[in-house]
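Everything on this sheet refers to the single structure shown next.
2 protein chains.
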Amino acid sequence: MNHRPIGIFDSGVGGLTVMRKIMDRLPRESLIYLGDTARGPYGPRELGEVRLFALEIASYLESMGVKLIVIACNSATAAGLLEVQRRCRVPVIGVIEPGARGAVHATLNRRIGVIGTRATVRSRSYIRAIRALDAGARVFSRACPTLVDFVERGEVEGPEVEKAVRGYLQPLLRREIDVLILGCTHYPLLQPLIGKVAGARVTLINSAEAVAHEVDNKLRARGHSNESTASPYYRFLCTGGKEHMIRLGKMFLGPEVDKVEEVPLDDIVGRF
Amino acid sequence: MNHRPIGIFDSGVGGLTVMRKIMDRLPRESLIYLGDTARGPYGPRELGEVRLFALEIASYLESMGVKLIVIACNSATAAGLLEVQRRCRVPVIGVIEPGARGAVHATLNRRIGVIGTRATVRSRSYIRAIRALDAGARVFSRACPTLVDFVERGEVEGPEVEKAVRGYLQPLLRREIDVLILGCTHYPLLQPLIGKVAGARVTLINSAEAVAHEVDNKLRARGHSNESTASPYYRFLCTGGKEHMIRLGKMFLGPEVDKVEEVPLDDIVGRF
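Structure representation (structure tokens):
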């Protein structure tokens, strides 16, 4: 069990920011990343459809023998975490609960902002997760549908994206939040800009670190950490457009993304 | 803020097992413990009544200037955590969520047992907390109403208490649980006996350690840890029968419980 890889999936390349943190924290673990680039982004899709995609991919990863699955995508976590946990034999970790926990710990005035895709915000998952940890917290959410496109174009600074960020954050800042959850795995690339717009009084929560911590805890508690000193392997899979993933992968994760394998969508669709 | 004490309360002396772990992990923090010995145990009481008691005591501790409150009592957490979080200005941590998290991390077959008082089991709080972390986990709960009395009599071994423990655990063991949550702060004193009856294949989860970890994380994230090297102070308060608390306190916490102050119930009742 200990030598088996961890499976990580996302609608595209954003989850690579989560994989980066898992690599850094757990350098002995082999990792398989699957980006559903043929069907992503999930943000604008219906929750029911995203849930089905998540179930299919989790089943595909289980068939590859992973020991744990990370849903490194806020939309897929919001839509499908519960169903995937019910259907899988291995433990499944999403990105929402760890981020919510980080925010609840960090806030002083208990006024928490959340930005994410439409699907994530509509699901109210962050609100539920935060209230379960602190029933007295106030949560202010905002969908930022254009930010993913800016990031995917590599446009993480400049007047245009700054104007968009400012427009999205203003209503949240007016509510005097002191913590802001980056509720989309693309947003860490905008962290310098978001930090500048939000100001020094607002703490930014990047779930990726919290997720890596959670994966570590879970493997340790179960005695499933890889203790071997042999080098781990990393595999990058996508369902389409691997050149796009190699190019963005270097930006989202680093030079390790040098080879990407394409998985025919037919191998995944209808598995569930 | 950093020098202010942490407030901890329980229906009686059980929460001292939680205080012990907080003292060990955070040796620089001053702590005020309040045991509601005049009205405890809470286990057999109605949830609504326990919720009111929890609100009154939390308000009393806030008036003493604490920077954080720990509800070191499963029954009071189950009955009142959400309301207390809503009404208090300082963060409030209960014992149920940290224990649920420890169990979800440790289980391999995702079959989790919970033992506690009638009030705790009836509230279904552990089931909710576990399912929020792993929707695919199976939870089997059992109320063990006589165990608190055994512990308070100092009877933590011997044929009579062993027979009681065996009777309570048998139905859970038959469901093949591999993790058992000690869902009452009295039960850590029975841990050797419970471990013997449950067998080596069952991991016991004592929430106290998980709670201390959570308190540490919360204070650090907020920059509220006490960094001073001056000695912290410990105060032990109860609402009645302080000789009882001194005697049991040495068993539940250690020699530090040498002086207990009685708070008139009138100072607490009606605060809320």
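Each protein sequence line maps, in turn, to chains A and B. Counting in the working numbering, the first sequence runs from 1 upward without gaps. Counting in the working numbering, the second sequence runs from 1001 upward without gaps. Idealized CB from N, CA, C, for every residue including glycine. Being a predicted model, the structure only gives us computed values, none of them experimental.
- Message: So, with DSSP's three-state summary, where would you put residue 75 of chain A?
- Response: helix
- Query: Name the DSSP beta bridge partners of residue 1032 of chain B, please?
  - Reply: B/1007 and B/1235
- Message: Check whether the region 1068-1083 of chain B and the region 1206-1222 of chain B are in contact - that is, three or more C-beta pairs closer than 8 Å.
- Response: yes
- Query: Ordered along the chain, which non-local residues of its own chain (more than five positions away) have a Cβ less than 7 Å from that of residue 1195 of chain B?
  - Reply: 1204
- Message: I'd like the ranges of any beta strand (DSSP E) spanning at least 3 consecutive residues and lying wholly in the region 1117-1181 of chain B.
- Response: 1138-1143
- In angstroms with no decimal places, state the Cα-to-Cα distance between residue 1166 of chain B and residue 147 of chain A. 59 Å
- Per DSSP, cross-strand counterpart(s) of residue 1194 of chain B: Residue 1194 of chain B pairs with nothing; no bridge assigned.
- Query: Hey, would you say residue 1015 of chain B sits closer than 8 Å to residue 1008 of chain B, going by beta carbons?
  - Reply: Taking 8 Å as the Cβ cut-off, residue 1015 of chain B and residue 1008 of chain B qualify as a contacting pair.
- Item | Interface partners of residue 1086 of chain B on chain A, CB under 7 Å | 135 and 136
- With 16 as the cutoff for other CB atoms within 10 Å, does residue 1037 of chain B come out buried or exposed? buried
- Message: If I measure Cβ to Cβ from residue 1145 of chain B and keep anything under 6 Å in the same chain, skipping five residues before and after, which residues do I get?
- Response: Cβ neighbours of residue 1145 of chain B beyond the five flanking positions: 1118.
- Query: Any C-beta of chain B sitting closer than 8 Å to the C-beta of residue 212 of chain A?
  - Reply: no
- Query: Checking contacts by CB at 8 Å: is residue 105 of chain A closer than that to chain B?
  - Reply: yes
- Query: Whose Cβ in chain A lies nearer than 7 Å to the Cβ of residue 1218 of chain B?
  - Reply: 105
- Query: Leaving out the 5 sequence neighbours to the left and right, which residues in its chain are closer than 7 Å to residue 1241 of chain B when beta-carbon positions are compared?
  - Reply: 1037
- Task: Would you be able to state if there are at least three C-beta pairs under 8 Å between the region 109-117 of chain A and the region 172-189 of chain A?
- Result: At 8 Å Cβ cutoff, the stretches touch.
- Query: Does the beta carbon of residue 1052 of chain B sit closer than 8 Å to a beta carbon anywhere in chain A?
  - Reply: no
- Item | Length of the line joining the Cα atoms of residue 1259 of chain B and residue 1019 of chain B | 15 Å
- Task: Might you give, ordered along the chain, the residues of its own chain that have their beta carbon closer than 7 Å to the beta carbon of residue 1103 of chain B, omitting 5 neighbours on each side?
- Result: 1112, 1130, 1179, 1181 and 1205
- Look at the alpha carbon of residue 22 of chain A and the alpha carbon of residue 1257 of chain B, and state the distance between them as a whole number of angstroms. 44 Å
- Pairwise C-alpha distance: residue 1078 of chain B and residue 208 of chain A: 31 Å
- Task: Starting from residue 205 of chain A, follow the alpha helix (DSSP H) in both directions and report where the run begins and ends.
- Result: It is not in any alpha helix (DSSP H) - residue 205 of chain A instead sits in the beta strand (DSSP E) that spans 203-206.
- Query: Taking Cβ-Cβ distances below 9 Å as the criterion, which residues of the region 1121-1134 of chain B are in contact with chain A?
  - Reply: 1128, 1129, 1131, 1132, 1133 and 1134
- Item | Coil, strand or helix - residue 68 of chain A by DSSP | DSSP, reduced to helix, strand and coil, places residue 68 of chain A within a strand of the structure shown.
- Among A/6, A/153, A/83 and A/199, the one whose alpha carbon lies nearest that of residue 28 of chain A: The shortest C-alpha separation from residue 28 of chain A is found at A/6.
- Segment contact, 8 Å Cβ cut-off, at least three pairs: the region 221-241 of chain A with the region 34-52 of chain A: With the cut-off at 8 Å, the region 221-241 of chain A and the region 34-52 of chain A touch.
- What does residue 222 of chain A touch in chain B if you count any residue whose Cβ is under 9 Å from its own? 1105, 1106, 1107 and 1108
- Residues in the region 1064-1084 of chain B with C-beta within 8 Å of chain A's C-beta atoms, listed in sequence order? 1081, 1082 and 1083
- Task: From the DSSP output, in three-state form, read off residue 1022 of chain B for me.
- Result: helix
- Query: Do residue 1011 of chain B and residue 1076 of chain B have their C-beta atoms within less than 8 Å of each other?
  - Reply: yes
- Message: To the nearest angstrom, how far is the alpha carbon of residue 1004 of chain B from that of residue 1096 of chain B?
- Response: So the alpha carbons of these two residues sit roughly 25 Å apart.
- Check residue 1223 of chain B in the structure and name its three-state DSSP category. coil
- Task: Examine chain C for any beta-carbon lying closer than 8 Å to the beta-carbon of residue 75 of chain A, and answer yes or no.
- Result: Absence of chain C from the displayed structure is noted, the protein chains being A and B.
- Item | Where the alpha helix (DSSP H) through residue 46 of chain A begins and ends | That residue, residue 46 of chain A, is in no alpha helix (DSSP H); it is neither H nor E in DSSP.
- Task: Under 8 Å Cβ to Cβ from residue 1225 of chain B, same chain only, skipping five residues before and after it: list those, please.
- Result: 1002, 1026, 1028, 1029, 1216 and 1219
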